[in-house]
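Everything below concerns the one structure shown next.
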Amino acid sequence: MTKRELAILAFRLLAVWSAFYAVLRLDMVIGMWQVTRRSLVDEGMPIVVLSFLPLVLGLIVAWLIWSKAAALADRVGLAEPEPARGTPLTAETAMMVAFCAIGAYALILGLPRIGQTILHAVLIRDYAQMDTWYFTVREGAAALLQVGLGLWLLFGGRGLARFVHRVRTAGLPQDSHNP
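Read left to right, the sequence shown gives residues 296 to 474 (this note's numbering).
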């Protein structure tokens, strides 16, 4: 099995986990529906539709990761055709994989969080107290930051790992670290 095939397998497992996580968020949808069930006459259907946003967004992300697994594997730098067995694992490669995994994890957790923040903002618009509104804005900013960092770590993991490796080995003789 090549490094690329391992990366494709990892991204497909990530897609399955993302879909599973999205389905687990169905409890929030059911809870929102139960809370707003009596007020649907006043509020209309947008609340019910918006409550499905995190679930649908998570399933779309899972489908995109599954369908683009090969392109993502090439993008994170694992397109080398040599077999994974028998090649030494360098610190730079291990850091790159770790940064990409952390980025994917942050992205999967951040995208539904954005949906929840939008839903919360819609639900409290009539009952907006200042402290609740500031909480919603802070949650939205934190979710956007989490998604941004997740994207940066996922697609910039190779450069970040190279930078960390160069900083750690600066000033050392060339033969004392992995090339």
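Glycine residues also receive a C-beta, built at the ideal position from the N, C-alpha and C atoms. Only a predicted model underlies this, so the values are computations on that prediction, with no experimental measurement involved.
Taking Cβ positions, are L308 and F394 nearer each other than 8 Å? No, the pair does not count as a contact, with Cβ atoms beyond the cut-off.
Could you check if V344 is buried or exposed, using at least 16 other CB atoms within 10 Å of its CB as the buried criterion? Exposure of V344 is indicated by the presence of fewer than 16 other C-beta atoms within 10 angstroms of its C-beta.
Helix, strand or coil for T464, going by three-state DSSP, please let me know. Look at T464 here: in three-state DSSP terms it is helix.
Taking all protein chains shown into account, decide if R453 is buried (16 or more other Cβ within 10 angstroms of its Cβ) or exposed. It counts as buried.
Per-residue DSSP class, three states only, for T297: In the three-state DSSP reduction, T297 falls in the strand class (E or B).
If L414 and V442 are in contact, beta carbons under 8 Å, what's the gap, nearest whole angstrom? Contact between L414 and V442 is ruled out by a C-beta separation of about 16 Å, above the 8 Å threshold.
Going by the CB atoms, is the gap between A302 and A357 shorter than 8 Å? No, they are not a contact pair.
Would you decide whether F306 is buried or exposed? Buried here means 16 or more other CB atoms lie within 10 Å of its CB. It counts as buried.
For L449, which of V392, L321 and E387 has the nearest alpha-carbon? From the listed residues V392, L321 and E387, the smallest Cα separation to L449 is found for V392.
Less than 8 Å between the C-beta atoms of I409 and L439, yes or no? Yes, the pair counts as a contact, with Cβ atoms nearer than the cut-off.
Can you tell me the Cα-Cα spacing of A437 and L446, whole angstroms? CA-CA distance, A437 to L446, rounds to 14 Å.
Minimum C-alpha distance to P407 - residue among I355, L367 and A389: Minimum Cα distance to P407 is reached at I355.
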